[in-house]
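2 protein chains.
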Amino acid sequence: MFSLGDCLVNYAHEHVVRAHTCPKTKTGLVHSYLRIGEGDERSEATRVMVAVNDSTIKGHPHPSISCKRAFEWTLEKMVRSNTGDFKILLLHVQVLDEDGFDEVDSVYASPEDFRDMRESNKVKGLHLLEFFVKKCHEIGVGCEAWIKKGDPKDVICQEVRRVRPDLLVLGSRGLGRFQKVFVGTVSAFCVKHAECPVLTIKRNADEIPSDPADD
Amino acid sequence: MFSLGDCLVNYAHEHVVRAHTCPKTKTGLVHSYLRIGEGDERSEATRVMVAVNDSTIKGHPHPSISCKRAFEWTLEKMVRSNTGDFKILLLHVQVLDEDGFDEVDSVYASPEDFRDMRESNKVKGLHLLEFFVKKCHEIGVGCEAWIKKGDPKDVICQEVRRVRPDLLVLGSRGLGRFQKVFVGTVSAFCVKHAECPVLTIKRNADEIPSDPADD
Chain X
1 MFSLGDCLVN YAHEHVVRAH TCPKTKTGLV HSYLRIGEGD ERSEATRVMV
51 AVNDSTIKGH PHPSISCKRA FEWTLEKMVR SNTGDFKILL LHVQVLDEDG
101 FDEVDSVYAS PEDFRDMRES NKVKGLHLLE FFVKKCHEIG VGCEAWIKKG
151 DPKDVICQEV RRVRPDLLVL GSRGLGRFQK VFVGTVSAFC VKHAECPVLT
201 IKRNADEIPS DPADD
Chain W
1 MFSLGDCLVN YAHEHVVRAH TCPKTKTGLV HSYLRIGEGD ERSEATRVMV
51 AVNDSTIKGH PHPSISCKRA FEWTLEKMVR SNTGDFKILL LHVQVLDEDG
101 FDEVDSVYAS PEDFRDMRES NKVKGLHLLE FFVKKCHEIG VGCEAWIKKG
151 DPKDVICQEV RRVRPDLLVL GSRGLGRFQK VFVGTVSAFC VKHAECPVLT
201 IKRNADEIPS DPADD
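Taken in sequence, the protein lines are chains X and W. Numbered according to full-length UniProt numbering, the first sequence spans residues 1 to 215. Numbered according to full-length UniProt numbering, the second sequence spans residues 1 to 215.
Pasting the structure below:
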């Protein structure tokens, strides 16, 4: 398992863009946007962790509807124009099958398939984070972004314990009781178990796809 | 049942204090703090509904630990010094037994007992709201406050539908699964059913009373 998630990617709106090698993963895929002289006055900013994930709709390598809605709500209704008072911490948890296979049939997979798949997942995850980081830059709010692997509900709670944000923001599909049995309840779990305040934000009614379990 | 809750009590930090008769309930108990010339520029403020309740500890006519913690978090971490960007909507739901009795044995109650009890509940509820309104005034954030009666989880969701806040903030005792069976789960219900984003905030570990079901 690669541990890209151990490398925190720092972004801020005044920055030098610099590609570097992550000291832990030895990959060159992590880009660090380094801050210039705006460290101290932001130390008291409210640190808002936003969990982001891919859309589940096939052929749709975009943020899920619910995490996009949660992120946009946070900027529009909480951060507003007070960008110096908040810092956004973007956490993306990538889910893989136990044997590391996602969409490839394990019987026919070669070592190259493994490698390609891992690379493609890394790139997908970084593209996802890039989407949100770009939005933060546009608005001028400081942010950090990183990737972890595992079961989203467990990893999110672990990261809350590790990073100690002031607030965790989660998008939710707002599915009914019966639909939830099949698709899991990350937000319900985190409301109970995350050791910080949790804000759950449902999708807008006009954004729900034809199958509500999609996102 | 008196419908004090139908009368919205408006507060702001620049105001005239004026006792008046509520047009619906015909009581003189509602005090209106009227705004002076600061209507329009606040129309776009983020409207944060905070549900507040009494402490369950006997002889303790104060806000519950969890709602006080939720309120203080909201001011400190979200509103911060950006008071003009937010408006606090304080909702207090009073719970009464079906027959209107709270602590009085119905067999021995006279009509005067009824009246006294209702008056005392009204006064308790207004004192509770006053506590929070005073804090808003100190900080300089605009607020509204009102009382409703009924089952808190249902009334809170009804009020969200009626008032359409941008956010609902709820304090939570953060009780475990078995304790919850006995003490109810207002926050869990509202996270699922309230038609707006919901922020749940647990008590601090060092604020939990000897019986965790107390608040």
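Think of the CB as a built atom: it goes at the ideal place given N, C-alpha and C, for glycine as much as any other residue.
- Query: What is the C-beta distance between residue 200/X and residue 198/W, in whole angstroms, given that I count them as a contact (C-beta under 8 Å)?
  - Reply: Reading the first sequence from its first residue, position 200 is the one you call residue 200/X. Reading the second sequence from its first residue, position 198 is the one you call residue 198/W. Confirmed, about 6 Å.
- In terms of residues, what are the limits of the alpha helix (DSSP H) holding residue 140/W? The count along the second sequence starts at 1 and reaches residue 140/W at position 140. Taken as a continuous stretch (DSSP letters only), residue 140/W belongs to no alpha helix (DSSP H), as it is neither H nor E.
- Message: Distance cutoff 8 Å, beta carbons only. Does residue 146/W sit that close to anything in chain X?
- Response: The residue given as residue 146/W occupies position 146 in the second sequence. No, residue 146/W does not count as interfacial toward chain X.
- Task: Measure the alpha-carbon distance for residue 139/W versus residue 86/W and round it to whole angstroms.
- Result: Position 139 of the second sequence, counted from the start, is the residue given in the question as residue 139/W. Position 86 of the second sequence, counted from the start, is the residue given in the question as residue 86/W. Between the alpha carbons of residue 139/W and residue 86/W lies a gap of roughly 12 Å.
- Measure from the C-beta of residue 80/X to each C-beta in chain W and report whether the shortest distance is under 8 Å. Translated into positions along the first sequence, residue 80/X becomes position 80. Output row for residue 80/X: interface = yes.
- Query: What residue range is occupied by the uninterrupted beta strand (DSSP E) comprising residue 87/X?
  - Reply: Mapped onto the first sequence, residue 87/X falls at position 87. It spans 86-94 - the beta strand (DSSP E) in which residue 87/X sits, taken as one unbroken run.
- Reducing DSSP to helix, strand and coil, say where residue 200/W ends up. Locating residue 200/W in the second sequence gives position 200, counting from the first residue. Residue 200/W falls in the strand class under three-state DSSP.
- Query: Thinking just about the alpha-carbon of each residue, which of 80/X, 114/X and 147/X is nearest to the one in residue 95/X?
  - Reply: In the first sequence, residue 95/X corresponds to position 95, counting from 1. Checking every option, the nearest Cα to that of residue 95/X belongs to 147/X.
- Among the residues of its own chain, which have a CB less than 6 Å from the CB of residue 65/X, if the five just before and after it don't count? As a first step, residue 65/X is located in the first sequence; it is residue number 65 there, counting from the start. Scanning its chain for C-beta atoms nearer than 6 Å, with the 5 sequence neighbours on each side dropped, one finds around residue 65/X the residues 203, 207 and 215, in chain order.
- Query: Hey, quick one: how far does the alpha helix (DSSP H) through residue 160/W stretch, first residue to last?
  - Reply: For the purposes of this step, residue 160/W is identified with residue 160 of the second sequence, where counting begins at 1. Run containing residue 160/W: 152-163, per the alpha helix (DSSP H) assignment.
- Task: Give the interface partners of residue 63/W over in chain X, defined as CB-CB distance under 8 Å, in chain order.
- Result: Taking the first residue of the second sequence as 1, we reach residue 63/W at position 63. Within 8 Å Cβ-Cβ: nothing; residue 63/W doesn't reach chain X, min ~17 Å.
- Whose CA, out of 158/X, 166/X, 213/X and 175/X, lies closest to the CA of residue 196/X? Against the first sequence, residue 196/X aligns to sequence position 196. Just measuring C-alpha positions, the residue of 158/X, 166/X, 213/X and 175/X sitting nearest residue 196/X is 166/X.
- Would you verify that the beta carbon of residue 199/W is, or is not, closer than 8 Å to some beta carbon of chain X? Walking along the second sequence from the start, residue 199/W turns up at place 199. Interface annotation, residue 199/W: in contact with chain X, CB-CB separation under 8 Å.
- Identify the contact partners of residue 191/X in chain W, using a Cβ-Cβ distance below 9 Å as the criterion. Locating residue 191/X in the first sequence gives position 191, counting from the first residue. Result: 172, 187, 188, 191, 198 and 200.
- Task: Would you mind giving the Cβ-Cβ distance between residue 80/X and residue 82/W, rounded to the nearest angstrom? I have them listed as a contact below 8 Å.
- Result: Here residue 80/X refers to the residue found at position 80 of the first sequence. Here residue 82/W refers to the residue found at position 82 of the second sequence. About 7 Å separates the beta carbon of residue 80/X from that of residue 82/W, a gap short enough to meet the 8 Å contact definition.
- Message: Please state the DSSP three-state secondary structure of residue 209/W.
- Response: If you number the second sequence from 1, residue 209/W lands on position 209. Coil, per DSSP.
- Query: What are the residues that DSSP puts in a beta bridge with residue 45/W?
  - Reply: In the second sequence, residue 45/W corresponds to position 45, counting from 1. Per DSSP, none; premise fails for residue 45/W.
- Buried or exposed: residue 187/X, going by 16 or more other Cβ atoms within 10 Å of its Cβ? Numbered from 1 along the first sequence, position 187 holds the residue referred to as residue 187/X. Here residue 187/X is buried. Its C-beta has 16 or more other C-beta atoms within 10 Å.
- Mind pulling the chain X residues with CB within less than 8 Å of residue 46/W? The residue labelled residue 46/W in the question sits at position 46 within the second sequence. Chain X residues near residue 46/W: 77, 78 and 80.
- Straight-line CA distance for residue 160/X to residue 153/X? For the purposes of this step, residue 160/X is taken as residue 160 along the first sequence, with counting starting at 1. For the purposes of this step, residue 153/X is taken as residue 153 along the first sequence, with counting starting at 1. Taking C-alpha positions only, residue 160/X is separated from residue 153/X by approximately 11 Å.
- What is the C-beta distance between residue 162/X and residue 212/X, in whole angstroms, given that I count them as a contact (C-beta under 8 Å)? Taking the first residue of the first sequence as 1, we reach residue 162/X at position 162. Taking the first residue of the first sequence as 1, we reach residue 212/X at position 212. About 33 Å; that fails the 8 Å criterion.
- Query: Using a C-beta to C-beta distance shorter than 7 Å, which residues of chain X count as neighbours of residue 90/W?
  - Reply: Taking the second sequence and counting its residues from 1, the one referred to as residue 90/W is at position 90. Correct list: empty, because the minimum Cβ distance to chain X is about 18 Å.
- Item | Distance, residue 93/X Cα to residue 129/X Cα | Along the first sequence, one-based indexing puts residue 129/X at 129. Along the first sequence, one-based indexing puts residue 93/X at 93. In this model, residue 129/X and residue 93/X are separated by some 11 Å (Cα to Cα).
- Which listed residue (84/W, 114/W and 126/W) has its alpha carbon closest to that of residue 90/W: As a first step, residue 90/W must be located in the second sequence, where it is residue number 90. When only C-alpha atoms are compared, the closest one is 126/W.
- Query: Ends of the alpha helix (DSSP H) at residue 186/W?
  - Reply: To locate residue 186/W, count along the second sequence from 1; it is residue 186. Element bounds for residue 186/W: 186-193.
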